[in-house]
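A quick write-up on the structure given underneath.
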Amino acid sequence: MKRRLIIISGIIIVSIIVVIFIFRKSNNSNVVFKTTQVERGDISTTITATGTLEAITTVQVGTQVSGVIRNIAVDFNSIVKKGQLIAMIDTTTLAAAVLESKASLARNEATLTFNKKKYNRIKELFENKVVPETDYDEALNSFQTAKANYMSAKAQLNRALTNLRYATITAPINGVVISRNVDIGQTVAASFNTPTLFTIANDLSKMQVEASIDEADIGQVEKGQKVEFTVDAYPDLVFKGKIIQKRLQPIVVQNVVTYNVIIDAPNPSLKLMPGMTANIVVYVKEKHDVLKIKSKALRYNPTQEVMKSYFSSLPDSDKQKRMSRMKQFASNNSAQQGRAKRFTKVWVKNGENIKPKRVKTGENDGENVEIIAGLELGDSVIIGQDIVKNNNSSKKRSPFLPSRHKKK
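With the sequence shown counted from 1, adding 219 to any position gets you the numbering used here.
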């Protein structure tokens, strides 16, 4: 490690010596700096994801009885109310089953009445010891059997009536029909899996987005955070929402782990439709009214042209000190790379003079970075430079030297 530091320090010193040598040999160009101002404003840290729009409540309407579709009262995009008729199944067979159950119930009711009277008569005779116990037991058994058969027939009638009611299919919720899977005359069979006839979405003016967040980012996501998203159908419109749920169940696809979050998505204009893909930006951190500069200022490094001017403008007593600081910056910046808040170096322009300045940064959204310490509002920070050739090199001055004022 020590050997590596010695090598790096040697390279930096040699580079500085070369820069000074080049400056002494060439002095025929001017440097034009591009700057940005330190300003106050908001800064946000975001993560991006994709998701799918869906209705908050979607109900699949099926049938619990088999038969032929006789009537369909709604179509795609129809607005329905809870309890509204949406389809009818032919009731011929079901009505016949009701009549058969009623007849069976009447027959069993008559049998029950007869056996009840017989039981009461035999019971009275048995209590008076007129008939043997076997006659009493036989009458009791016949009465109980008739009673059970009557109750069974009554249950069968109730089931037949229920099936007849099931032939009338109504909307279970208020909403809009987004799917119709049957036509008039089609036969539907209700078995173990109830066939889906319609899909009804409840109130498309209030929708939600189910988004997939990478496991590396899910730790930053919390309920209530602001979300903005766009859809391909309206690329120029930005829709807003907020996170209402973070689900704990992991989704693993080809060894990639994601987690689903649910985003509230108001849709008063009804532009959003179920199934649309949403391109999402989640604002995980927001700071307001802070000092900030362009992030590219942190990436600016002076060229040889600038460095030779900078060192030539310094007194001999300061050159060694500056060289030491430059080496320290080089080692510290590599060790502190990636920290949310760290000290780093920027170059500040003040009139015709420029100099490096140590600053402490905060949140960085990729375009702007928060300045915690080291700069003041209105400071000009260098973000780039252009080299302008100048044939009259004798008039060129270093940007690090103080301005000269002519005496009047």
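We put the CB at the ideal spot given by N, CA and C, even for glycine.
This one's a predicted model, so the numbers in the text were calculated from it and none came from an experiment.
Next item on the list: For the alpha helix (DSSP H) containing E357, list its first residue and its last residue.
Entry: 352 to 385
Next item on the list: Quick one: residues in its chain with C-beta nearer than 8 Å to the C-beta of L594, no 5 flanking neighbours on either side, listed in chain order?
Entry: V257, L510, I512, V565, V567, K576, V578, V600
Note to self: Rounded to whole angstroms, what is the Cα-Cα separation between T267 and G438?
What the structure shows: 14 Å
Notebook entry, point to check: With distances taken between CB atoms, is the gap from N479 to T276 smaller than 7 Å?
Noted result: no
Notebook entry, point to check: When burial is assigned at 16 or more other CB atoms within 10 Å of the CB, is G394 buried or exposed?
Noted result: buried
Note to self: What does the alpha-carbon distance come out to for the pair I590 and D584?
What the structure shows: 13 Å
Check: If you drop the 5 nearest sequence neighbours on each side, which residues of the same chain put their C-beta closer than 8 Å to that of K466?
Finding: The sequence shown places Arg at residue 466, rather than the Lys named in the question. Within the same chain, R466 has close Cβ partners Y478, N479, V480, I481.
Next item on the list: Check each candidate in E447, F417, I463 and name the one with the smallest Cα separation from S297.
Entry: F417
Check: Hey, would you say T389 sits closer than 7 Å to G302, going by beta carbons?
Finding: yes
Notebook entry, point to check: Using a Cβ-Cβ cut-off of 6 Å (strictly less than) and excluding sequence neighbours within five positions of Q279, which residues of its own chain qualify?
Noted result: Closer than 6 Å at the Cβ level, and outside the excluded window around Q279, lie T415, T418.
Next item on the list: Give the straight-line distance between the Cα atoms of G404 and I397, rounded to the nearest whole angstrom.
Entry: 21 Å
Notebook entry, point to check: Between V500 and E273, what straight-line distance do the alpha-carbon atoms span, to the nearest angstrom?
Noted result: 18 Å
Checklist line | Residue burial classification, N347 (beta-carbon count within 10 angstroms, cutoff 16) | finding: N347 should be labelled exposed.
Margin query: What ranges does the alpha helix (DSSP H) occupy inside the region 453 to 533, keeping only unbroken runs of at least 4 residues that lie completely in it?
Written below: 523 to 531
Next item on the list: Rank R378, I262, K335 by C-alpha distance to the C-alpha of V284 and give the top, closest one.
Entry: R378
Notebook entry, point to check: From L324 to N368, what distance separates their C-alpha atoms?
Noted result: In this structure, the alpha-carbon of L324 lies about 9 Å from that of N368.
Next item on the list: Taking I291 as part of the beta strand (DSSP E), name the residues at either end of that continuous run.
Entry: 286 to 291
Check: Thinking C-alpha only, which one of T563, P521, G460 is nearest G270?
Finding: It is G460 whose Cα lies nearest to the Cα of G270.
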